[in-house]
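Structure first, then comments.
Right under this line is the structure:
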């Protein structure tokens with residue numbers, strides 16, 4: 003134990019802790035974008051199991067855009083477009099045609115995995131090109147805060163955009179007519195229909211927004227977090243985003259917090275290994291998932307899911 | 478030998494009276510005209526799959542045989558795919574993943590087609606099943622010497638993407654190699670996850686953590702996770718040079734930032750050629766195969782970034798390992814790796 007503490011004291015320098023927190027942010031941002039999208043979708047009554055596939059499509063198209071245009075912004079744009087393209091399937095098959103949302107979601111994930119893998123091979127063969135490290139933007143004043151400054155307030159611009167987006171979605175949910183319609187589509191779709199608003203259109207817009215955000219999350223993963231695209235690179239993050247969105251009960255601020263907790267847990271698990279602590283890495287690597295499960299247990303009673311979630315809307319059906 | 482294996486062996490020895498689909502095919506002493514290889518992932522990974530395919534191509538061309546390649550098959554439909562290869566007329570199937578072992582053995586016994594498996598030397602069946610093991614720790618030891626000689630910060634790192642016995646061996650050898658040069662050098666060890674072979678984002682995150690902990694030479698093992706290591710090292714803002722030592726294949730062609738110091742190369746070519754010869758001679762399955770420094774199955778990649786003096790020291794250590802005067806410890810578990818790292 004003494005040895006571990008000694009190792010830890012030597013290891014936890016300011017620059018190391020800064021890198022650790024920055025690593026947590028890096029891991030949490032794709033989750034935040036994607037889970038935010040899922041929150042929008044779930045609020046409207048669409049359970050989007052296909053996030054993993056949408057993220058992968060976004061990761062591929064995002065990487066392709068950034069690589070070809072030499073611009074991360076083009077990458078984010080093409081990533082979002084890729085996610086929307088994948089979401090169109092969900093809109094047509096589940097929202098419009100009323101097919102089972104879970105089945106279609108799984109199909110989108112499987113298709114996303116296969117298509118991106120094939121496209122990557124066809125486009126790049128064995129080349130695996132990589133992107134440069136894109137510039138980060140420091141927030142004057144805040145970036146000089148010890149430890150936290152460099153790790154939290156010296157990020158790629160898209161991270162700040164993500165934080166602003168969290169606020170914008172919260173505002174949209176709570177203060178706009180569209181937000182009200184969105185919630186009504188998930189809670190009492192027949193009432194929304196009776197008010198003369200198309201439930202299907204509302205859910206379609208929500209699903210497309212989910213696709214755009216999942217695509218953006220995937221693009222962040224390939225363009226910023228990794229700098230390259232490799233098949234299956236999302237490694238289940240789409241599913242994690244679904245859990246986070248449910249845990250957050252559709253509240254954007256909680257989505258951001260839960261994503262950050264997950265990311266930081268990943269970083270802590272890395273740090274624990276470096277201290278040489280004699281615990282199985284299997285146990286250490288369970289930390290992020292344990293954190294999420296613990297939060298689920300604690301908050302499960304107050305968890306709220308829209309009554310019409312995953313239920314296709316058919317006018318006049320009981 | 479298990480009862481099943483004995484029955485299979487007897488069946489093989491007495492000929493082909495079984496009613497199984499492949500039973501009419503004779504395997505011993507026949508000229509090999511068709512070889513098949515099944516790869517778990519794409520052969521463009523600069524690692525395990527690419528090296529396997531290259532070796533299979535070399536082995537096939539050496540005897541004028543046709544090579545049938547099935548790649549990116551994953552692990553959930555192995556038996557069906559290997560059966561199809563057996564029924565397609567392949568006279569030797571390389572089931573190129575230890576995760577294929579069980580299915581490969583079953584296919585070999587059913588269709589009487591010689592199959593190559595990995596890391597299960599005790600499971601050999603004469604004429605049908607043999608296995609390749611690796612003395613991966615030997616290359617790891619040389620990589621450790623190289624890292625110890627090149628480090629400027631006095632800290633080196635190891636990152637593996639999964640709980641894989643070969644990577645434990647390499648990691649343990651690396652720690653021992655570092656210690657053989659300078660016991661004061663700190664060795665840091667990280668595993669991305671129990672099976673995060675393709676987690677490139679995780680690879681970048683963990684390699685970045687090692688760099689932030691002052692490691693300036695990183696020995697990285699992982700399939701697609703290796704692309705994450707390479708990216709982390711290529712884009713590191715450490716204020717000093719950070720080097721990467723890879724594994725199994727050569728990532729040199731995609732190393733645009735010139736950070737690849739070396740790589741522990743695995744070559745299956747001689748083993749596959751020997752296996753083909755053994756099948757034709759009727760001696761297949763009577764012994765296992767091993768990749769070592771001595772037989773050229775394991776070697777270190779010489780890049781222009783390694784000075785002649787350091788390379789000479791590595792070669793001297795290699796000679797001692799081959800002669801047996803250096804005994805490289807073999808770590809088969811993560812606990813054993815941690816012990817070696819702690820004692821380094």
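Residue numbers (our numbering), protein chains in the order written: chain A, 3 to 320; chain B, 478 to 821. All C-beta atoms in this analysis are idealised placements derived from N, C-alpha and C, irrespective of residue type, glycine included.
Close Cβ partners of residue i (< 6 Å) along its chain, the five nearest in sequence each way excluded
i, result
"residue 219/A", "32, 35, 36 and 57"
"residue 571/B", "514, 533 and 593"
"residue 792/B", "none"
"residue 155/A", "141, 144 and 145"
"residue 630/B", "691 and 693"
"residue 15/A", "none"
"residue 574/B", "517"
"residue 755/B", "761"
"residue 578/B", "594 and 597"
Through-space distance from residue j to residue i, alpha-carbon basis
i, j, result
"residue 704/B", "residue 232/A", "8 Å"
"residue 802/B", "residue 110/A", "58 Å"
"residue 247/A", "residue 254/A", "8 Å"
"residue 215/A", "residue 121/A", "21 Å"
"residue 512/B", "residue 594/B", "14 Å"
"residue 52/A", "residue 259/A", "23 Å"
"residue 296/A", "residue 263/A", "12 Å"
"residue 41/A", "residue 251/A", "8 Å"
"residue 606/B", "residue 741/B", "27 Å"
"residue 808/B", "residue 645/B", "6 Å"
"residue 665/B", "residue 312/A", "47 Å"
"residue 635/B", "residue 566/B", "43 Å"
"residue 157/A", "residue 582/B", "52 Å"
"residue 727/B", "residue 523/B", "6 Å"
"residue 680/B", "residue 667/B", "10 Å"
"residue 77/A", "residue 67/A", "4 Å"
"residue 269/A", "residue 544/B", "45 Å"
"residue 503/B", "residue 612/B", "Because residue 503/B carries a pLDDT of 43, less than 50, the predicted location of this residue cannot be relied on, and no value is offered for it."
"residue 234/A", "residue 734/B", "25 Å"
"residue 83/A", "residue 71/A", "15 Å"
"residue 310/A", "residue 85/A", "24 Å"
"residue 126/A", "residue 527/B", "15 Å"
"residue 163/A", "residue 87/A", "22 Å"
"residue 561/B", "residue 551/B", "16 Å"
"residue 501/B", "residue 241/A", "The predicted model places residue 501/B with a pLDDT of 43, which falls under 50 and marks its position as unreliable, so this point remains unresolved."
"residue 150/A", "residue 159/A", "17 Å"
"residue 124/A", "residue 292/A", "39 Å"
"residue 108/A", "residue 25/A", "30 Å"
"residue 568/B", "residue 547/B", "15 Å"
"residue 818/B", "residue 649/B", "7 Å"
Per-residue DSSP class, three states only, for residue i
i, result
"residue 101/A", "coil"
"residue 62/A", "helix"
"residue 502/B", "With a pLDDT of only 47 at residue 502/B, under the threshold of 50, the placement of this residue in the model should not be trusted, and no figure is reported."
"residue 739/B", "strand"
"residue 284/A", "helix"
"residue 768/B", "strand"
"residue 323/A", "Outside the modelled stretch of chain A, which goes from 3 to 320, sits residue 323/A, for which no answer is possible."
"residue 777/B", "strand"
"residue 750/B", "helix"
"residue 546/B", "strand"
Cβ-based neighbour list, residue i, same chain, cut-off 7 Å, excluding 5 preceding and 5 following
i, result
"residue 531/B", "none"
"residue 619/B", "654, 777, 791, 794 and 795"
"residue 89/A", "56, 209, 210, 212 and 213"
"residue 261/A", "30, 33, 34, 37 and 246"
"residue 113/A", "55"
Residues near residue i in its chain [Cβ-Cβ closer than 8 Å; skip 5 each side]
i, result
"residue 779/B", "739 and 788"
"residue 695/B", "633, 634, 635, 636, 684, 687, 688, 706, 710, 719, 720, 721 and 722"
"residue 499/B", "Caution applies to residue 499/B, whose pLDDT of 42 falls short of 50 and renders its modelled position unreliable; the value that the coordinates give is listed next. Closer than 8 Å at the Cβ level, and outside the excluded window around residue 499/B, lie 563, 564, 587, 588, 589 and 590."
Integer-rounded CB distance, given that residue j should sit under 8 Å from residue i
i, j, result
"residue 221/A", "residue 81/A", "2 Å"
"residue 677/B", "residue 228/A", "5 Å"
"residue 774/B", "residue 797/B", "At roughly 18 Å, the Cβ-Cβ gap does not stay under 8 Å, so residue 774/B and residue 797/B are not in contact."
"residue 783/B", "residue 640/B", "Not a contact, Cβ separation roughly 30 Å."
"residue 621/B", "residue 651/B", "4 Å"
"residue 47/A", "residue 191/A", "6 Å"
"residue 556/B", "residue 584/B", "6 Å"
"residue 230/A", "residue 130/A", "6 Å"
Any non-hydrogen atom of the ligand PLP within 6 Å of residue i CB
i, result
"residue 134/A", "This structure lacks the ligand PLP, and indeed carries no ligand of any kind."
Exercise for the section: Kindly provide the ranges of any alpha helix (DSSP H) runs that are 4 or more residues long and lie completely inside the stretch 660 to 716 of chain B, ordered along the chain. Expected result: Whole alpha helix (DSSP H) segments, 4+ residues: 677 to 689 and 702 to 711.
Handout entry: chain E contacts made by the stretch 678 to 693 of chain B, where a contact means CB separation under 9 Å
Key = Looking at the structure shown, chain E is missing, and the protein chains on hand are A and B.
Exercise for the section: Scan the stretch 548 to 621 of chain B and note each continuous beta strand (DSSP E) run of 3 residues or more that stays entirely inside, going in chain order. Expected result: 569 to 572, 592 to 595 and 606 to 611
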